[in-house]
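J.: In my numbering, the protein residues as written are 1 to 281. What follows is a single structure, and I will ask about it in a moment.
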Amino acid sequence: MPELPEVETIARLVRPALVGRRIAGLRASWKRTLGGAAPSSVARAVCGATLASVGRRGKFVVLALERAGAPAGGLFLHLRMSGRLHVDPMEAPRRPYERVSLALDDGNELRFVDVRKFGRFVFARDPGAILGALGPEPLDAAFTAEWLDRGLRSRRRALKPLLLDQTFVAGLGNIYVDESLFRARLHPLTRSDRVGPDGAARLWRAIRRTLGEAIEREGSSFDAFYLTPEGQPGSYQERFRVYGRDAKPCRRCGTRIQRLVVGQRGTHVCPRCQRRSRSRR
DNA sequence: AGCTACTCCTGGTAGC
DNA sequence: TGCTACCAGGAGTAGC
């Protein structure tokens, strides 16, 4: 599923085709993708605006809009489970599961394709309305081991649901949380306030390395859902240490990887490398 | 505050 | 072979 590394890869690949283009039209074939706004009002808000930049914040692709050189809101794209972006010539046949498309002034279209319809393609005048509640970017300088240590200490939640909480840190999802916890040798159910400074430092390093390596490999493609806009799969899935490796031997110690459910999410651990803190009654 | 359950969706697949 | 039932999962919400 697209998480930070996949979204970053997508934003990078789609950027050259979009920056500087003027929006000529918008079509929505599944209204909910627009987040509840009427297609006509979204069209009015974006048509004629220029795509000033293509960025990423957490798991959002952010298309900043300008009119006459002044900021004019943005489009905030969340791919959720199965969303994909394509830039196609206008005359190319519609893609299956296409939900929203933006016509550009160069004859191309940005197409938002989403089998499961969970994805969002939302216009907002104020970026803060969409992004305001997000926690820090895990690859930014502001996200330090000390910050993480304090953050873990100030909550009393199981590590996994806390790391999945986008208001705590932005961009992590199920895969990279499992991978990061394994690398930090922390159990997903360990309470955050019992991790300690050493554990926090290991977790910090694990998150940065895992995300960094995944971006280098253009994300993970283990099923048909995630492909880069060029149609290429990422290759980080070959490096998974625990995710999807249920019953396979741990790459570190050989113990069978276990699958459990934490917060309704499939969770993968090495029971030997990731000991659950025993201080828990 | 933080937990669980439920919702939104559909293609893929396990099980019969 | 062909069918059905269930699963995956990010995030929002409701209820406890």
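Glycine residues also receive a C-beta, built at the ideal position from the N, C-alpha and C atoms.
Looking at the structure shown, is Leu-186 part of a helix, part of a strand, or coil, going by DSSP?
T.: coil
J.: Taking the straight line between their C-alpha atoms, what separation do you get for Gly-196 and Arg-125?
T.: 41 Å
J.: At which residues does the beta strand (DSSP E) containing Asp-88 begin and terminate?
T.: 83 to 89
J.: Would you check if the distance between the CB atom of Leu-85 and the CB atom of Leu-75 is smaller than 9 Å?
T.: Contact: no.
J.: When burial is assigned at 16 or more other CB atoms within 10 Å of the CB, is Ser-264 buried or exposed?
T.: The question names Ser, but residue 264 in the sequence shown is Gln. Flag for Gln-264 reads exposed.
J.: Tell me the rounded alpha-carbon separation between Ser-101 and Val-242.
T.: 37 Å
J.: Between the C-alpha atoms of Leu-110 and Ala-17, what's the straight-line distance to the nearest angstrom?
T.: Leu-110 and Ala-17: Cα-Cα distance of roughly 9 Å.
J.: Could you spell out the range, first to last residue, of the alpha helix (DSSP H) harbouring Glu-213?
T.: 196 to 216
J.: Under the DSSP definition of a beta bridge, which residues are partnered with Thr-267?
T.: Leu-260
J.: Taking the continuous beta strand (DSSP E) assigned at Arg-111, which residues delimit it?
T.: 108 to 114 is the span of the beta strand (DSSP E), which, as asked, contains Arg-111.
J.: State buried or exposed for Cys-273, treating a residue as buried only when at least 16 other CB atoms are found within 10 Å of its CB.
T.: buried
J.: Based on the DSSP output, what are the partners of Glu-98 in its beta bridges?
T.: Val-113
J.: Do you know offhand how far Arg-256's Cα is from Pro-39's?
T.: 50 Å
J.: How would you write the range of the beta strand (DSSP E) that Ser-40 sits in, first residue to last?
T.: Taken as a continuous stretch (DSSP letters only), Ser-40 belongs to no beta strand (DSSP E), being part of the alpha helix (DSSP H) at 39 to 46.
J.: Hey, could you find the ends of the beta strand (DSSP E) Pro-71 is sitting in?
T.: Where Pro-71 is concerned, the enclosing beta strand (DSSP E) stretches over 70 to 78.
J.: Give the secondary structure of Gly-55 by DSSP, where H, G and I count as helix, E and B as strand, and everything else as coil.
T.: Gly-55: strand per DSSP, three-state reduction.
J.: Rounded to the nearest angstrom, how far is the Cβ of Gly-234 from that of Glu-218, given a contact under 8 Å?
T.: Contact flag correct, Cβ pair sits at about 4 Å.
J.: Would a C-beta distance cut-off of 9 Å place Gln-166 and Ala-133 closer than the cut-off?
T.: yes
J.: Once DSSP output is grouped into helix, strand and coil, what is the label at Val-19?
T.: coil
J.: Go to Glu-146, then tell me how far its alpha helix (DSSP H) extends in each direction, as first and last residue.
T.: Secondary structure note for Glu-146: its alpha helix (DSSP H) is the uninterrupted segment 145 to 153.
J.: Between Cys-253 and the rest of its own chain, which residues show a CB-CB distance below 7 Å, the 5 nearest in sequence each way excluded?
T.: If we look at Cys-253 and ignore the five residues flanking it on each side, its Cβ neighbours are Cys-270, Arg-272, Cys-273.
J.: Between Val-177, Arg-194, Val-169, which has its C-alpha nearest Met-1's C-alpha?
T.: Val-177
J.: Assuming Leu-315 contacts Leu-172 (C-beta within less than 8 Å), just tell me the rounded distance between them.
T.: With the chain covering only 1 through 281, there is no way to say anything about residue 315.
J.: Arg-194 and Lys-117: beta carbons closer than 9 Å?
T.: no
J.: Here's a check: name, in chain order, each residue in its chain whose Cβ is nearer than 8 Å to the Cβ of Leu-26, leaving out the five neighbours to either side.
T.: Pro-39, Val-42, Ala-43, Val-46, Cys-47, Val-100, Ser-101, Leu-102, Ala-103
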